[in-house]
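Visitor: When the letters of the sequence shown are read in order and numbered with our numbering, they come out as residues 2 to 51.
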Amino acid sequence: MAALLEELGIETRGKVVARNGEILHRGTDLSTIPVENGDSIDVFLITQGG
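Printed below as a string of structure tokens:
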């Protein structure tokens, strides 16, 4: 997954990543997460509103 996100120019540092609706644990090595055709990948920036 890390290579795909890098190729797309998506920065994941400080963000939450989910695969198929399942949030990946912070600190997960994204290079070990396989990506298959049809997978849904979301990258969220979580901010604290005021």
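C-beta: ideal position from N, C-alpha, C; glycine also.
Is any non-hydrogen atom of the ligand NAD found closer than 7 Å to the C-beta of L6, if you look at the structure I gave you?
Guide: Of the ligands one can find in the structure shown there are none, so the ligand NAD has no counterpart to examine.
Visitor: Can you tell me whether DSSP reads E12 as helix, strand or coil?
Guide: Position 11 of the sequence shown, counting from 1, holds the residue named residue 12. Note: E12 maps to coil in three-state DSSP.
Visitor: Distance check for T48 and S41, CA to CA, integer angstroms please.
Guide: Counted from its first residue, the sequence shown places residue 41 at position 40. Counted from its first residue, the sequence shown places residue 48 at position 47. When rounded, the distance between both Cα atoms is 22 Å.
Visitor: Answer with buried or exposed for V44, where buried requires no fewer than 16 other C-beta atoms within 10 angstroms of its C-beta.
Guide: Looking up residue 44 in the sequence shown gives position 43. Answer is exposed; the Cβ neighbour count stays below 16.
Visitor: How about M2 and L46: are their beta carbons less than 8 Å apart?
Guide: Residue numbering aside, residue 2 sits at position 1 when the sequence shown is read from its first letter. Residue numbering aside, residue 46 sits at position 45 when the sequence shown is read from its first letter. No, Cβ-Cβ distance for M2 and L46 is not below 8 Å.
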